[in-house]
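In the working numbering, the protein residues as written are 147 to 399.
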Ligand SMILES: [Fe+2]
């Protein structure tokens, strides 16, 4: 069994709770679909923890910390600069700092395995493109993205978990949220995009950390409670991180 996690965003409490939940299952490998850092208060700790994953993709915030952040709103950009300063913290050994930068720099944008594609954003633009639930009505966009997927594509980036399927009969696309699916889905002959949701900053109205267990062709959405007030307090205590970045966690927005 695999665990698929994404969009941790330096939320250590959420990541620890998810890893503890993963330990309760028969998971042999963890795949992380990017955005380890950005927004939250514990970038170094989160990078160190995800290094146990078999696969860790590059997310746009991970890239933003390494290069000039491009296309971020002001609070996100401030968080990126603060994150970068944490990764340069004089409190850390030179070796630790170098190891983390090197780890980020080596992250791939795409991974393919047995007909499964893994990206942060989309098959068309692995780093930056959002595929939102309402995009099912944008047939041109979905046609192009689905054309690039052999069978199944696992992705993150929007922080909105759920399953997109194509319906070859009527040329329409469907989106189902974890609740719609009763938290379970079986991959079938249809091409499918699976958004695994966000560990550290869910935006589907559910504050609990989100990730996916994948057992052969069966996938299970997991929602995990964590000490959210602790994370919010840490964000409030760091002037460079907007309070809003903490407050939004409560509403899952
Ligand atoms: Fe993200």
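Note that beta-carbon positions come from the ideal geometry of N, C-alpha and C, so glycine has one too. Model, not experiment: these values are computed from the prediction.
*Would you say the beta carbon of residue 344 comes nearer than 8 Å to a heavy atom of ligand 1?*
In terms of side-chain proximity, the C-beta atom of residue 344 is found nearer than 8 Å to a non-hydrogen atom of ligand 1.
*Does DSSP classify residue 150 as helix, strand or coil?*
strand
_In chain order, each beta strand (DSSP E) run of at least 3 residues that lies wholly inside the stretch 187-246_ = Those beta strand (DSSP E) runs which fall completely within the stretch 187-246 and span 3+ residues do not exist here.
*Nearest to residue 323 by CA position, among 303, 346 and 351, is which residue?*
351
*Does the count of Cβ pairs from the stretch 232-242 and the stretch 266-278 closer than 8 Å reach three?*
The way I'd put it, the stretch 232-242 doesn't touch the stretch 266-278; fewer than three beta-carbon pairs between them come closer than 8 Å.
*Coil, strand or helix - residue 162 by DSSP*: helix
_Proximity test, residue 188 beta-carbon vs ligand 1 heavy atom, cut-off 8 Å_ = no
*Assign residue 377 to one of two classes, buried (16 or more other C-beta atoms within 10 Å of its C-beta) or exposed (fewer than that).*
buried
*6 Å CB neighbourhood of residue 250 in its chain, flanking five on each side removed*: 208 and 212
*Taking the DSSP output, what are the residues bridged to residue 176?*
149
*Please list the segments of the alpha helix (DSSP H) lying wholly inside the stretch 265-316, counting only runs of 4 or more residues, in order along the chain.*
285-293
*How many Å lie between residue 361 and residue 354 at the Cα?*
22 Å
*Pick from 395, 336 and 158: whose alpha carbon is nearest that of residue 261?*
336
*Distance, Cα to Cα, residue 314 vs residue 340?*
If you take the alpha carbons of residue 314 and residue 340, they lie about 18 Å apart.
*Can you name the residues that DSSP bridges to residue 347?*
Partner(s): none; residue 347 has no beta bridge.
*asked:* The alpha helix (DSSP H) that contains residue 389, what's its start and end?
replied: 389-397
_Buried or exposed for residue 217, going by 16 or more other Cβ atoms inside 10 Å?_
exposed
*Cβ of residue 181 within 8 Å of any heavy atom in ligand 1?*
yes
_Where residue 258 falls: helix, strand or coil (DSSP)_ = In the structure shown, residue 258 sits in a strand (DSSP, three-state: E or B).
*Using the C-alpha atoms, what's the distance from residue 342 back to residue 304?*
10 Å
_Three-state class that DSSP yields for residue 332 in the structure shown_ = strand
*Three-state secondary structure (DSSP) at residue 181?*
coil
*How many angstroms separate the CA atom of residue 230 from the CA atom of residue 318?*
Distance between the alpha carbons of residue 230 and residue 318 is about 43 Å.
*Would the C-beta of residue 170 count as close to ligand 1, meaning under 8 Å from any of its heavy atoms?*
no
_In this structure, how does DSSP classify residue 383 when only helix, strand and coil are distinguished?_
helix
*Report the option in 269, 170 and 196 whose CA atom is closest to the CA atom of residue 153.*
196
*residue 256: buried (16+ other C-beta within 10 angstroms of its C-beta) or exposed?*
exposed
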